[in-house]
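Chemist:
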Amino acid sequence: MTKLTRGIFAILLIGTAWPAHALELTLPASATETEARDSTLDQEAVPTGPFADGTLPVRIVEGPVTRRAYRIPSSGMTSFQILAPIRTQLETAGYEVLLDCETDRCGGFDFRFGIDVLPAPGMYVNIRGFHFISAALPGTDSAVTLLASAASGAGYLQIVQIGSDKATVNISNVAATPEPQPPAAQSNVPRTPTPQTPGDLVTQLQTQGRAVLHDLDFAVGATTLSSTVNPELATLAELLQARRGLRIAVVGHTDTEGGLQANINISRARAQAVRSALINTFNAPAAQIDAEGMGYLAPIASNLTPEGRDANRRVEVIVLSDDG
4 MTKLTRGIFA
14 ILLIGTAWPA
24 HALELTLPAS
34 ATETEARDST
44 LDQEAVPTGP
54 FADGTLPVRI
64 VEGPVTRRAY
74 RIPSSGMTSF
84 QILAPIRTQL
94 ETAGYEVLLD
104 CETDRCGGFD
114 FRFGIDVLPA
124 PGMYVNIRGF
134 HFISAALPGT
144 DSAVTLLASA
154 ASGAGYLQIV
164 QIGSDKATVN
174 ISNVAATPEP
184 QPPAAQSNVP
194 RTPTPQTPGD
204 LVTQLQTQGR
214 AVLHDLDFAV
224 GATTLSSTVN
234 PELATLAELL
244 QARRGLRIAV
254 VGHTDTEGGL
264 QANINISRAR
274 AQAVRSALIN
284 TFNAPAAQID
294 AEGMGYLAPI
304 ASNLTPEGRD
314 ANRRVEVIVL
324 SDDG
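If you use this note's numbering, the sequence shown corresponds to residues 4 to 327, in order.
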């Protein structure tokens, strides 16, 4: 028995699509659930090949979808070591492996952002070191995808199960421990009714050269982040790690209340706080990030209305150059 499988807990994925047996997967006893998202009915694009020539081959599977992410404390564990025992269990249960690849063979950055991934910090993906497996149960519409990534001191695992009947996930001996969320703070940064996803952020930077960052927690008048728990910052850091020729500027903006110099100082300090979070929390390369403040000199809405002033109080990312 390997170190990885000593002391395990069982995840039972039970659905009426598998009347003869249940799929039982085992993880280290130290694993904790960090993120969950379920859909009673959804379409999941299950990759069947690596990203190549601008395309990710997929098989569309319909049905209930169960998504779970786990954190496994460990030093030196690779993403392959996380997934290898689970792949064996899938094959033993009769699943056919559709795709088994690691970072570059999967398609690197393009593959990572072409698949369904739970948001950080629940699921962390090292863009330079991840492993992916997809598998399907022949004769059924049930499929499973596995994504593993290793970071300093911990491994992260995502399990997505798609089937004709919604799976029930039972975890024994381990209590779920989601990341604590900070108390809500009154914010000077606008909230949109439907915030963009991390994928939207990457698309906007690629197509428009700029994107507004959402859900940054700045208390009124404050220049420090109340929380750095933000999927967009994690995604932006991954993008910078993957594209070392990419340089960006984090730019703060305000409304017209107060003097110009005071607003420039506040907007610059907020941009610098975001830059520090990218570097210190998400390990983004410092040399690729500038920070500046424009005060109220670049509005995107009228400062004559509360809604306009709220929209103008923002932090955005500008692409400066991309040399590969």
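Glycine included, every Cβ here is placed at the ideal spot set by N, Cα and C.
A289: buried (16+ other C-beta within 10 angstroms of its C-beta) or exposed?
Modeler: It is exposed - the Cβ of A289 has fewer than 16 other Cβ atoms within 10 Å.
Chemist: Express the C-alpha separation of Q244 and D326 in angstroms, rounding to a whole number.
Modeler: Approximately 13 Å between the Cα atoms of the pair.
Chemist: Nearest to G142 by alpha carbon, out of P122, G125, G166 and Y127?
Modeler: Measuring from the Cα of G142, the nearest candidate turns out to be G166.
Chemist: Going by the beta-carbon positions, is the gap between L228 and L219 smaller than 8 Å?
Modeler: Against a cut-off of 8 Å, the Cβ pair of L219 and L228 comes out as a contact.
Chemist: Taking just the CA atoms, how far does N266 sit from P198?
Modeler: With a pLDDT of only 49 at P198, under the threshold of 50, the placement of this residue in the model should not be trusted, and no figure is reported.
Chemist: Taking only three categories from DSSP, how would you classify T226?
Modeler: It is coil, neither helix nor strand.
Chemist: For A139, tell me which candidate among E94, I282 and R74 has the shortest Cα-Cα distance.
Modeler: Among E94, I282 and R74, the Cα nearest to that of A139 belongs to E94.
Chemist: At which residues does the alpha helix (DSSP H) containing T91 begin and terminate?
Modeler: Note, T91: alpha helix (DSSP H), S82 to T95.
Chemist: CA-CA distance, G212 and M80?
Modeler: So the two alpha carbons sit approximately 37 Å from each other.
Chemist: Rounded to the nearest angstrom, how far is the Cβ of P50 from that of L59, given a contact under 8 Å?
Modeler: P50 to L59, Cβ: 6 Å. Contact.
Chemist: If you reduce the DSSP assignment to three classes, tell me which class G255 lands in.
Modeler: DSSP places G255 in strand when its eight states are reduced to three.
Chemist: What separation, rounded to the nearest whole angstrom, lies between the Cα atoms of L307 and H256?
Modeler: So the two alpha carbons sit approximately 16 Å from each other.
Chemist: With a threshold of 8 Å, are at least 3 pairs of Cβ atoms found where one atom belongs to the segment 68-87 and the other to the segment 33-43?
Modeler: Yes: the two stretches touch, three or more of their Cβ pairs being nearer than 8 Å.
Chemist: Just verifying my parser: in three-state terms, what is the DSSP assignment at P338?
Modeler: Residue coverage of the chain in this structure runs from 4 to 327, which leaves residue 338 outside it and unanswerable.
Chemist: By Cβ distance below 7 Å, which residues in the same chain neighbour L121 in space, the five residues on each side in sequence not counted?
Modeler: Excluding sequence neighbours, L121 sits near E38, R40, R70, A72 and Q161.
Chemist: Name the residue from Q92, P309, Q207 and G57 whose alpha carbon lies nearest to the alpha carbon of F3.
Modeler: Because the chain is modelled from 4 through 327, residue 3 falls outside the range shown and cannot be assessed.
Chemist: Looking at A252: is its Cβ nearer than 8 Å to the Cβ of L323?
Modeler: Result yes, Cβ atoms of A252 and L323 sit closer than 8 Å.
Chemist: Return the chain-ordered list of same chain residues with a C-beta closer than 7 Å to the C-beta of D258, the five sequence neighbours on each side being excluded.
Modeler: Answer for D258: Y299, N306, R312, N315 and R316, listed in chain order.
Chemist: Rounded to whole angstroms, how far is the Cβ of G132 from the Cβ of A153, which I believe are closer than 8 Å?
Modeler: That pair is a contact at about 6 Å.
Chemist: Can you tell which of G262, A157, I282 and E241 has the C-alpha that lies nearest to the C-alpha of A34?
Modeler: Measuring from the Cα of A34, the nearest candidate turns out to be A157.
Chemist: Identify the residues that DSSP records as bridge partners of A157: which are they?
Modeler: Its beta-bridge partners are P76 and A154.
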